[in-house]
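Number of protein chains: 2
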Amino acid sequence: MLEAAEVGHTIGKARFAREAPKLREALLLAQFELKQAARGPVLVIVSGVEGAGRHETANQLTAWMDPRHIHVIGFGAPLPEEAVRPPAWRYWNAMPARGAIGVFMSAWYYEPLALRASGALDAHAYDDYLQQVRQHESMLAAEGVMLVKFWIHLSKAAMKTRLREIEHDPDERWRLTGAEKHELKEYPRRRGDWEHMLRTTSIAAAPWYVIDGADRRYRELTVATLLLAAMREACARKVMRPAAQGVPPAPAVLGNVEIVRRLDLTQRLPKKRYETELTRFQARLARLTRHKRFAERALVLAFEGVDAAGKGGAIRRVTGALDARQYATVPISAPNDEELAHPYLWRFWRMVPRRGGITLFDRTWYGRVLVERVEDLCSPQDWMRAYDEINQFEEELTTASVVVCKFWLQISREEQLRRFRARGKTPFKRFKITPDDWRNRRRWRDYEQAAADMIERTSTDLVPWTLVEAEDKYFARIKVLRTICERLEAALES
Amino acid sequence: MLEAAEVGHTIGKARFAREAPKLREALLLAQFELKQAARGPVLVIVSGVEGAGRHETANQLTAWMDPRHIHVIGFGAPLPEEAVRPPAWRYWNAMPARGAIGVFMSAWYYEPLALRASGALDAHAYDDYLQQVRQHESMLAAEGVMLVKFWIHLSKAAMKTRLREIEHDPDERWRLTGAEKHELKEYPRRRGDWEHMLRTTSIAAAPWYVIDGADRRYRELTVATLLLAAMREACARKVMRPAAQGVPPAPAVLGNVEIVRRLDLTQRLPKKRYETELTRFQARLARLTRHKRFAERALVLAFEGVDAAGKGGAIRRVTGALDARQYATVPISAPNDEELAHPYLWRFWRMVPRRGGITLFDRTWYGRVLVERVEDLCSPQDWMRAYDEINQFEEELTTASVVVCKFWLQISREEQLRRFRARGKTPFKRFKITPDDWRNRRRWRDYEQAAADMIERTSTDLVPWTLVEAEDKYFARIKVLRTICERLEAALES
């Protein structure tokens, strides 16, 4: 893919003077439309060869457009706050909202390119990394993010010339870091890695554009023309989230609900024993989360379950053992406007704990395949692809040393009714019961099916679901605490 | 994903007697509709655990439906005719046409499962294989194939019970192959591989359904219900080929056409020297294709180029050196009805040579990104994803020891006009010029852009494009012959 950009392209002053102003006007207009219609977002990724004009390209874009709605973010070696979180966190955190344009320098290509250059990734691991990037970008595209990827290129000879120019220009010389000679020497070896990367990650929904960077005017006009086309396409889309390809209507397998139905809900724990065990497990959890090896890990606790199954109570028994500075509890309800303007995983990624930290989610990203599925808040295509996307999300967390425990709390329909009624009677619990709860209850079977499908498709070796028989609150809480302790112990030992 | 199928499901006789007839009727009706509307095709993949009822499932489906339009194909160790071709060939060859239902036993999961079981694939290589399968199935789904994948499962205990039953049943005992004990012993080790496979290849467009195989009635009703849902979905689709996700309108990079325009078309070869070189290279090619190591390889020659660039002439100079039993020339024009009823790569896969064989394509699978793109015969989404799909196709050929050479023959617009006119005058060449040719000529720039994009996105290290300056026929033919000889020599030496 690099050959075409090594032929040498130039655009004369006259043509540039004629075309550039028209393009700038069109870009501004498209940007305004994108903002007004809240389409996109448009995510521009700029990468390429040293000295080819990557930073100049970013500067051009902000200069040519309304800088209030376009943000350039330079990703390089991770900052301290970034280094203590999973690698993907910083990209998620910077994700532009609908209507906006983000320019990511290198973006998630930073890691594979840097690790490959340093020799830390062999060809195999490099390819694996790129396959993950491919899946990640597919997901973003399916979520409505318009990806525009520019590789600003120079042939080796052109790079040599360019570096010499910079060296002799007193206004530019400051830009040299001293690493350029090494870059030039390594060029032939790295060219194959670039080619491989460009090809592997050029998917229909997110192709790379390789731009010859040798001539400034050519580079500027080409980048602007392609970006304009992408912005117009983003504005022209009727739907925010284009549907994915044909999918069977439901993944339900007759009878897989048995995995939920057959839980032994008669299991009980007497109050006395509960109190002893609670103290014991809370002490154990306190020790574990203060263990010096926990400083290198993090913990994500995900709570799902039928309404009134006791998620909140279980969560409080866990946090009772934790240092308040160390954890955050995140209650999840319907997404707000800002959250709706981002891919659905965004709000969860933002809350991923730093190393040594703990996040407890009261309801989670599984809302996509539970309430959003059952209440038709997203298309079957959307929730069908979510199983896979969620597995990848949790794998990324695990790879980054985060321990993820997820709990499904199950009670019987009769017990739910009892609890609903009790809530209605207890003044300080009355706020906990809403008309929504009664409506959900009428869709018990749909929720049951959605839960069974979810457990089937997302219980993995790395991150298994723990099914919690919650008819008896004491029993449930201790099972949750014990599971967390055991998972943490296993993780800290490994 | 396997847990849910190990809970143990049963369906009583009464319920089965009530529901099965209704399902059979619905299946027949859906099959009729699928056929009438020429939707789908529906491709059912059946895999699973020894003794779980995979073959019974296939038998059930043919018994319950109209056997004329459902075909079961059992893929196991490759047959001799299959073993001499790339692994994917047999699957392509068996691909059902629109309106039909194919049942593939194991399908492309045969290789990774068998190789993993035998230890020939380590965890890494196994995962790579599954990633490829994932891409392959994405492509099929995008081409309108409705994939329904069943994993018929048994827990280890249930498998043990089942095998004992078979052993004690005089009517079934013949089915035992003797490998069952080994299978049972290996179960715990293989379970993880199954899980990994099911999860990695469960994508939204082609999810696995894990079916508990222990109870015949449960298995039959579940399989039939899911298949019915998929068939109805296939019939309900408005478009044959659902569009992929949002894609920028064109991958054209301003100026990448230079790679075509800057070819030095003044290059000539005097007739005398041409004749000497022709004899020399033909002899060399003849020796190479009769070399004993060529028996382990195969050769695919792909010819593309502007109209009247001399593809036919070049092809004849190549075949002049070949043994007629060894090669096939395949002229590609607009697809016929049968070809249109299959994914676009199907007609090319069918013609892939066996080991020791040679196929020359006069126009190729690149029609997708050339004529189909320029003449709006497919959507931008379709041809954008084709670059990637074609790269995978050629990589599969290369992995299977097939040498692939692809040639782009370029002439100038003026030379084309001269040749068109000359053809009009020569009686035996007049058939070679049609109104289409004149029409294409008017879209010269669009074709040029499409060719440049194609070269940029599909010239890979493994299978590079050879650009042939064809203004002088002699020069072009020798360049083609020399390239083939050099590529073959390199391949036979490695």
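In order, the protein sequence lines correspond to chains H and C.
If you read the first sequence in this note's numbering, its first letter stands for residue 1, the second for the next number, and so on.
If you read the second sequence in this note's numbering, its first letter stands for residue 1001, the second for the next number, and so on.
Where is the CB? At the ideal position from N, CA and C, for every residue including glycine.
Model, not experiment: these values are computed from the prediction.
{"Asked": "DSSP-derived helix/strand/coil call for residue 9 of chain H", "Found": "coil"}
{"Asked": "Buried versus exposed call for residue 47 of chain H [16 or more other C-beta atoms within 10 Å across all chains shown]", "Found": "buried"}
{"Asked": "Three CB pairs or more closer than 8 Å across the stretch 380-397 of chain H and the stretch 122-129 of chain H", "Found": "no"}
{"Asked": "Any C-beta of chain C under 8 Å from that of residue 49 of chain H", "Found": "no"}
{"Asked": "Distance between residue 1342 of chain C and residue 334 of chain H (C-alpha atoms, nearest Å)", "Found": "44 Å"}
{"Asked": "Per-residue contacts from residue 124 of chain H into chain C (C-beta, under 7 Å)", "Found": "1124"}
{"Asked": "First and last residue of the uninterrupted alpha helix (DSSP H) at residue 1337 of chain C", "Found": "1337-1340"}
{"Asked": "The alpha helix (DSSP H) enclosing residue 112 of chain H, as first and last residue numbers", "Found": "110-117"}
{"Asked": "Close beta carbons around residue 1220 of chain C, own chain, < 6 Å, minus the five adjacent residues each side", "Found": "1060"}
{"Asked": "Residue(s) in a DSSP beta bridge with residue 100 of chain H", "Found": "None; residue 100 of chain H has no bridge partner."}
{"Asked": "Continuous beta strand (DSSP E) stretch holding residue 500 of chain H: start and end", "Found": "What is shown of chain H runs 1 to 494, which leaves residue 500 of chain H out entirely."}
{"Asked": "Residues of the stretch 443-472 of chain H whose Cβ lies closer than 8 Å to any Cβ of chain C, in chain order", "Found": "452, 455, 456, 457, 459, 460, 461"}
{"Asked": "For residue 1257 of chain C, the three-state DSSP class (helix, strand or coil)", "Found": "coil"}
{"Asked": "CA nearest to the CA of residue 107 of chain H, picked from H:86, H:75, H:133", "Found": "H:75"}
{"Asked": "Below-8 Å beta-carbon distance, residue 524 of chain H vs any chain C residue", "Found": "No answer is possible for residue 524 of chain H: it lies beyond the span of chain H, which begins at 1 and ends at 494."}
{"Asked": "Short CB-CB distance (under 8 Å) between residue 1193 of chain C and chain H", "Found": "no"}
{"Asked": "Rounded Cβ spacing between residue 452 of chain H and residue 370 of chain H (contact assumed at less than 8 Å)", "Found": "11 Å between Cβ atoms; not a contact."}
{"Asked": "Residue 1264 of chain C versus C:1469, C:1044, C:1039, residue with shortest Cα-Cα distance", "Found": "C:1469"}
{"Asked": "Beta carbon of residue 1308 of chain C nearer than 8 Å to that of residue 1431 of chain C", "Found": "no"}
{"Asked": "Boundaries of the beta strand (DSSP E) in which residue 378 of chain H is found, first to last residue", "Found": "It is not in any beta strand (DSSP E) - residue 378 of chain H carries neither H nor E in the DSSP assignment."}
{"Asked": "Per-residue DSSP class, three states only, for residue 314 of chain H", "Found": "helix"}
{"Asked": "Inter-residue spacing [alpha-carbon to alpha-carbon] between residue 502 of chain H and residue 1064 of chain C", "Found": "Absent from the structure is residue 502 of chain H, since the part of chain H shown begins at 1 and ends at 494."}
{"Asked": "Terminal residues of the beta strand (DSSP E) in which residue 1408 of chain C lies", "Found": "1402-1410"}
{"Asked": "Nearest-angstrom Cα separation, counted from residue 1036 of chain C out to residue 300 of chain H", "Found": "52 Å"}
{"Asked": "Within-8 Å CB hit, residue 367 of chain H to chain C", "Found": "no"}
{"Asked": "From C:1007, C:1192, C:1487, C:1413, residue whose alpha carbon lies closest to that of residue 1406 of chain C", "Found": "C:1487"}
{"Asked": "Reduced DSSP secondary structure (H/G/I, E/B, other) of residue 1196 of chain C", "Found": "helix"}
{"Asked": "Opening and closing residue of the alpha helix (DSSP H) in which residue 1168 of chain C lies", "Found": "1156-1168"}
{"Asked": "Status (buried if at least 16 other CB within 10 Å, exposed otherwise) for residue 1294 of chain C", "Found": "buried"}
{"Asked": "Where the beta strand (DSSP E) containing residue 980 of chain C begins and where it ends", "Found": "Missing from the structure shown is residue 980 of chain C; chain C here goes from 1001 to 1494 and no further."}
{"Asked": "With 16 other Cβ atoms within 10 Å as the buried cut-off, status of residue 424 of chain H", "Found": "exposed"}
{"Asked": "Listed by chain order, chain H residues near residue 1211 of chain C by CB distance under 8 Å", "Found": "253"}
{"Asked": "Pairwise C-alpha distance: residue 310 of chain H and residue 475 of chain H", "Found": "11 Å"}
{"Asked": "Per-residue burial, residue 149 of chain H [other beta carbons within 10 Å of its own, 16 or more giving buried]", "Found": "buried"}
{"Asked": "For residue 1289 of chain C and residue 1280 of chain C, the rounded distance between their alpha carbons", "Found": "14 Å"}
{"Asked": "Cβ shell of residue 19 of chain H (< 7 Å), same chain only, five flanking positions each side left out", "Found": "221"}
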